[in-house]
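Residue numbers (my numbering): 1 to 217.
Set out below in structure tokens:
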């Protein structure tokens, strides 16, 4: 059995709010460079778990460790550069698509590579003129792809995805999945992805199932 410290270790994590259990106790580990899907019925706490792993919520019980350290003890800014969360409802800001894609560069005090940003748009079937488009004029599918591209400007060690293709057609879902898989391979990135689309998950993939009180597969 491997004694290597996992990238992520979720131990007996649960979440309770207003005397209601939103996430039953759950344990699992995720290794570096591992790709896994998070599954479970509606209301089983998948999004709650993602927010706990992203350090946006504190668990009612249990712990989450990243590379052996309890995430509660890690500086939030440093942790969130290593663990990136894409919401199902994209969280965009600023006035334009460029504002969003340039932001990861700017906070690192680097000049955005405009040609690279245009190439990123093209990889997800988005036209070059979208770069200067106002956020308010984007469709749901465009917003999802822009948010994903923003999170991949500097690929994290762990990418958390919450149904990020729900507004996309089959062809664009395929493009997104290919981009994520290629980025994961190129940058040794781990991925934890919520999806209800069995076709998107595919055969042979690791699936972590939210079953109350059970050790995840």
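Positions of the beta carbon are idealized from the N, C-alpha and C atoms, including for glycine.
Check                                                                                                            : Outcome
Delimiting residues of the alpha helix (DSSP H) encompassing residue 141                                         : 140–151
Beta strand (DSSP E) segment containing residue 206, residue limits                                              : 206–209
8 Å contact criterion, which residue 132 and residue 173 should meet: CB distance rounded                        : That pair is no contact at about 26 Å.
Residue 68, buried or exposed, once every other Cβ within 10 Å from all chains shown has been counted against 16 : exposed
Whole-number beta carbon distance between residue 18 and residue 45, since they are thought to touch under 8 Å   : With 8 Å as the limit, residue 45 and residue 18 do not qualify as a contact, their Cβ atoms being about 15 Å apart.
Beta carbon of residue 128 nearer than 8 Å to that of residue 118                                                : yes
Those runs of the alpha helix (DSSP H) which lie wholly inside the region 25–101 and span at least 4 residues    : 46–53 and 76–82
Meets three-Cβ-pair contact criterion under 8 Å: the region 90–99 and the region 40–55                           : no
Helix, strand or coil at residue 113 according to DSSP, with G and I counted as helix                            : coil
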